[in-house]
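If you want this note's numbering, it's the position in the sequence shown, counting the first as 1, plus 11.
Ideal Cβ positions, reconstructed from N, Cα and C, are used throughout, including at glycine.
Since the structure comes first, as structure tokens, the remarks are kept for the end.
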Amino acid sequence: EVLDPSNSMFRQGYQVPLDALTSARDTGFRALILLCKQKMLLQHLEEGKFSLKE
12 EVLDPSNSMF RQGYQVPLDA LTSARDTGFR ALILLCKQKM LLQHLEEGKF
62 SLKE
């Protein structure tokens with residue numbers, strides 16, 4: 012028996028759950044924000060605009 016690609020059950024077997032895609036996207040977005048914050052902090056330290064001493 013040959014599987015029919017137009018069969019909805021056949022297609023559903025290869026779909027990634029939407030919540031998994033959303034979770035991966037959010038994780039990547041959080042990582043990008045963290046990377047940007049680290050870069051900004053390093054720039055401020057290099058320019059002397061921010062000091063770790065209080």
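What's the gap between the Cα of residue i and the Cα of residue j?
i   : j   : result
F21 : R36 : Bear in mind that a pLDDT of 49 at F21, under 50, signals an unreliable position, so the number given afterwards is only what the model happens to contain. For F21 and R36, the distance between alpha carbons rounds to 26 Å.
K48 : A42 : 10 Å
T33 : F40 : 10 Å
E57 : D30 : 41 Å
G59 : I44 : 23 Å
L8  : T38 : Because the chain is modelled from 12 through 65, residue 8 falls outside the range shown and cannot be assessed.
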